[in-house]
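First comes the structure, then the notes that go with it.
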Amino acid sequence: MFRLWGKLYKNNKIITDMVVENNAPSLSKEDKIQDAVEEICYALDMSKPLWLLNNTEEMPVYNKTSFHQDHFMESIDFDYFEIEIIEEDK
Numbered sequence: 257m258f259r260l261w262g263k264l265y266k267n268n269k270i271i272t273d274m275v276v277e278n279n280a281p282s283l284s285k286e287d288k289i290q291d292a293v294e295e296i297c298y299a300l301d302m303s304k305p306l307w308l309l310n311n312t313e314e315m316p317v318y319n320k321t322s323f324h325q326d327h328f329m330e331s332i333d334f335d336y337f338e339i340e341i342i343e344e345d346k
């Protein structure tokens with residue numbers, strides 16, 4: 257089972273969060289992350305963030321990464337969006 261936790265922060269507090277599960281064994285880890293981010297963004301009615309170099313570097317090291325205003329094409333009404341892998345297929 258693969259689970260990704262998405263959290264929106266404002267003033268260093270979580271204002272909303274959501275956990276997404278993906279049990280598709282045929283998908284790669286990267287595809288599962290992208291699918292989960294899309295699902296969270298749709299559910300929270302926000303635009304999908306751009307995946308930049310810092311996200312690629314942080315994810316394998318910390319199993320989490322964050323998206324700030326510079327990751328979004330539109331203005332955001334929160335400080336940042338953070339995703340974290342809380343359970344990963346073995």
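Sequential numbering of the sequence shown, starting at 257, is according to this note's numbering.
Glycine included, C-beta positions come from ideal geometry on N, C-alpha and C.
Item, Value
"The region 288-305 contacting the region 314-332, beta-carbon criterion three pairs below 8 Å", "yes"
"As assigned by DSSP and simplified to three states, the class of residue 306", "coil"
"For residue 320 and residue 340, believed in contact at Cβ under 8 Å, the rounded distance", "4 Å"
"Strand pairing of residue 270, partner residues [DSSP]", "265"
"Whole-angstrom distance between residue 294 and residue 269, CA atom to CA atom", "23 Å"
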